[in-house]
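Participant: In my numbering, the protein residues as written are 38 to 375.
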Amino acid sequence: MYDNIIKIYNLESIKNKIESITTVKLNDQLTLHLRLKKPIMTCPVCQTTPMYFHGYRLKQIIHSVSIEHKVLIAYQSRRYKCKLCCKVISESNPFNQSYERMSLNTKLSILNHLKDIHHNFADTAKLFNVSSQSMINIFDKHIDTHPRKLGEAIKQIRIKIQRKYDQDSLRLEYNDMYYYMLKKFHYFFVKDYENIYDGKIRVSKMKSYWHKSEILSYLLKIDDSLTKAYRLKEAYRVFNLTASFNDCDERLDELITEFRNSEFEIYRTFGQTLNTWRDSIKNSFIRIDGRRISNGPIESINNKIKTIIKNSNGIRYFYRFRNKVLYSINKDVPITNK
Ligand SMILES: [Zn+2]
Numbered sequence: 038m039y040d041n042i043i044k045i046y047n048l049e050s051i052k053n054k055i056e057s058i059t060t061v062k063l064n065d066q067l068t069l070h071l072r073l074k075k076p077i078m079t080c081p082v083c084q085t086t087p088m089y090f091h092g093y094r095l096k097q098i099i100h101s102v103s104i105e106h107k108v109l110i111a112y113q114s115r116r117y118k119c120k121l122c123c124k125v126i127s128e129s130n131p132f133n134q135s136y137e138r139m140s141l142n143t144k145l146s147i148l149n150h151l152k153d154i155h156h157n158f159a160d161t162a163k164l165f166n167v168s169s170q171s172m173i174n175i176f177d178k179h180i181d182t183h184p185r186k187l188g189e190a191i192k193q194i195r196i197k198i199q200r201k202y203d204q205d206s207l208r209l210e211y212n213d214m215y216y217y218m219l220k221k222f223h224y225f226f227v228k229d230y231e232n233i234y235d236g237k238i239r240v241s242k243m244k245s246y247w248h249k250s251e252i253l254s255y256l257l258k259i260d261d262s263l264t265k266a267y268r269l270k271e272a273y274r275v276f277n278l279t280a281s282f283n284d285c286d287e288r289l290d291e292l293i294t295e296f297r298n299s300e301f302e303i304y305r306t307f308g309q310t311l312n313t314w315r316d317s318i319k320n321s322f323i324r325i326d327g328r329r330i331s332n333g334p335i336e337s338i339n340n341k342i343k344t345i346i347k348n349s350n351g352i353r354y355f356y357r358f359r360n361k362v363l364y365s366i367n368k369d370v371p372i373t374n375k
């Protein structure tokens, strides 16, 4: 019976845990009064089961998944007491970390909103009913455009493999042609295949023209490890393009496992990031009017950067400014969970 509320307010991940939920609207604020089902608790100190109910504690959590009105979760968190050792603990809280006043969903909505180059920090804060400072804290904490991107990862792997075949290197397995091809056609590893020029491409060292399909198949015959890394990157890309909210679980788990078991450390780190943000990735497949929530890149990058500068009225710190630019113009900057 709560299905619609659960859907609208993006609580599907904890749907099975909800015991009751009622909504109260007052002026422009909507409050979701919520209780979770009673779990059987075991004392963390002396392992006695069960622990006994010891009252509620109200937690108010900002949950700005809608920008039409303020949404607050009034969460009656149950407390439990151990009969034996008197230890009192709270049930586990699925909304946020206990010291925070904001739900994970709110953070994600904010970060999604900031992705648009036209949205600056100050306006976004107002829109989501949080203070400018706490919003900037969220941004700084979760947006780090440095190397965890998949494109960057495959690039590093390609360079590592390419070195193996460098003529100047002292290694035995050097092959000048492999080195040349990997270096010259480095963009085959990062660019989407369908965006690579579809005519004849000059391979000067061979004094001939090749089609992109010939080049790719040459590149993928060079080194097994590199090929494996490339295929995994492609699998993730296809997954991103084709998965839907309802069928993504299994595929996502498979991909995470593959990344985490990769021979390359940078892939394992990426797998870790995917795993940490598993639910958020899943949520990103929710479609509104058939479209995922993202901004289509239309203008040139320069234009975008200018827009960000214009809209930010001067972002004081270069590092944050750089992150905002990279985050806004790149589709694959992960949101980190630290
Ligand atoms: Zn105990």
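Glycine included, each C-beta is placed from N, C-alpha and C at the ideal position.
Where do the N-terminal and C-terminal ends of the beta strand (DSSP E) with His248 fall, by residue?
Facilitator: First-last of the beta strand (DSSP E) with His248: 245-248.
Participant: For the alpha helix (DSSP H) that contains Lys192, what are its first and last residues?
Facilitator: 187-201 is the span of the alpha helix (DSSP H), which, as asked, contains Lys192.
Participant: Can you find a heavy atom of ligand 1 that lies under 7 Å from the Cβ of Val125?
Facilitator: Val125 Cβ: outside cutoff for every heavy atom of ligand 1.
Participant: Looking only at C-alpha atoms, which of Lys197, Asp229, Tyr234, Lys228 sits nearest to Tyr216?
Facilitator: Answer by Cα proximity: Lys197.
Participant: Across the stretch 122-130 and the stretch 68-83, are there enough close Cβ pairs to call them in contact, namely three or more that are closer than 8 Å?
Facilitator: These segments touch.
Participant: Please list, in chain order, all residues of the same chain as Ser50 whose beta carbon is under 7 Å from its beta carbon, the five residues on each side excluded.
Facilitator: Within the same chain, Ser50 has close Cβ partners Asp316.
Participant: At the level of alpha carbons, what is the spacing between Ser168 and Ile99?
Facilitator: Those two C-alpha atoms are separated by around 12 Å.
Participant: Can you give the Cα-Cα distance for Leu164 and Leu278, rounded to whole angstroms?
Facilitator: Taking the straight line joining both Cα atoms gives about 30 Å.
Participant: Comparing C-alpha positions only, which one of Phe226, Ile191, Ser281 sits nearest to Phe301?
Facilitator: Here the closest residue by C-alpha is Ile191.
Participant: Grouping DSSP H, G and I as helix and E and B as strand, with all else coil, what is Gln84?
Facilitator: Of the three classes helix, strand and coil, the one that applies to Gln84 here is coil, per DSSP.
Participant: Which value, in whole angstroms, describes the spacing of the CA atoms of Phe296 and Leu63?
Facilitator: Near 47 Å, if we compare the C-alpha coordinates of Leu63 and Phe296.
Participant: Tyr93 bridges to which residues according to DSSP?
Facilitator: According to DSSP, Tyr93 bridges with Arg115.
Participant: Could you give the DSSP three-state label for Ser331: helix, strand or coil?
Facilitator: With a pLDDT of 46 at Ser331, under the threshold of 50, the modelled position of this residue cannot be trusted; read the value that follows with caution. The answer is coil: DSSP assigns Ser331 none of H, G, I, E or B.
Participant: With a threshold of 7 Å, establish whether the CB of Thr86 neighbours any heavy atom of ligand 1.
Facilitator: Not under cutoff, so the answer is no.
Participant: Does the contact criterion of 3 or more C-beta pairs under 8 Å hold for the stretch 85-98 versus the stretch 115-125?
Facilitator: Yes: the two stretches touch, three or more of their Cβ pairs being nearer than 8 Å.
Participant: Out of Tyr230, Ile259, Asp260, which one is the CA nearest neighbour of Arg274?
Facilitator: It is Tyr230 whose Cα lies nearest to the Cα of Arg274.
Participant: Along the chain, where does the beta strand (DSSP E) that runs through Glu56 open and close?
Facilitator: Note, Glu56: beta strand (DSSP E), 55-63.
Participant: Let me check one thing: in DSSP terms, what residues is Ile98 bridge-paired to?
Facilitator: Its beta-bridge partners are Ile110.
Participant: Could you tell me whether the stretch 279-290 touches the stretch 236-245, using the rule of 3 or more Cβ pairs below 8 Å?
Facilitator: No, the stretch 279-290 does not touch the stretch 236-245.
Participant: Within 10 angstroms of the Cβ of His248, are there 16 or more other Cβ atoms? Answer buried if so, exposed if not.
Facilitator: His248 is exposed by the Cβ-count criterion.
Participant: Which residue from Thr85, Asp40, Leu95 puts its Cα closest to that of Lys54?
Facilitator: Minimum Cα distance to Lys54 is reached at Asp40.
Participant: Should Cys119 be counted as a contact of ligand 1 given a C-beta to heavy atom distance under 7 Å?
Facilitator: Yes, since a heavy atom of ligand 1 falls inside the 7 Å radius drawn around the Cβ of Cys119.
Participant: Under 6 Å Cβ to Cβ from Ile259, same chain only, skipping five residues before and after it: list those, please.
Facilitator: Here the set comprises Tyr215.
Participant: Please list, in chain order, all residues of the same chain as Leu269 whose beta carbon is under 6 Å from its beta carbon, the five residues on each side excluded.
Facilitator: Once the five neighbours on either side are set aside, the close Cβ partners of Leu269 are Glu295.
Participant: Rounded to whole angstroms, what's the CA-CA distance from Thr85 to Tyr224? Just pull it up for me.
Facilitator: About 60 Å.
Participant: Need the endpoints of the beta strand (DSSP E) that Arg72 sits in, please.
Facilitator: It spans 66-73 - the beta strand (DSSP E) in which Arg72 sits, taken as one unbroken run.
Participant: Output the distance between the C-alpha atoms of Asn312 and Leu141, rounded to the nearest integer angstrom.
Facilitator: When rounded, the distance between both Cα atoms is 16 Å.
Participant: Taking the C-alpha atoms as reference points, what is the distance between His179 and Val240?
Facilitator: In a straight line, the C-alpha of His179 is about 42 Å away from that of Val240.
Participant: Rounded to the nearest angstrom, what separates Asn47 and Thr59 at their Cα positions?
Facilitator: Those two C-alpha atoms are separated by around 15 Å.
Participant: Within 7 Å: the Cβ of Val82 and any heavy atom of ligand 1?
Facilitator: It does: the Cβ of Val82 is within 7 Å (strictly closer) of some heavy atom of ligand 1.
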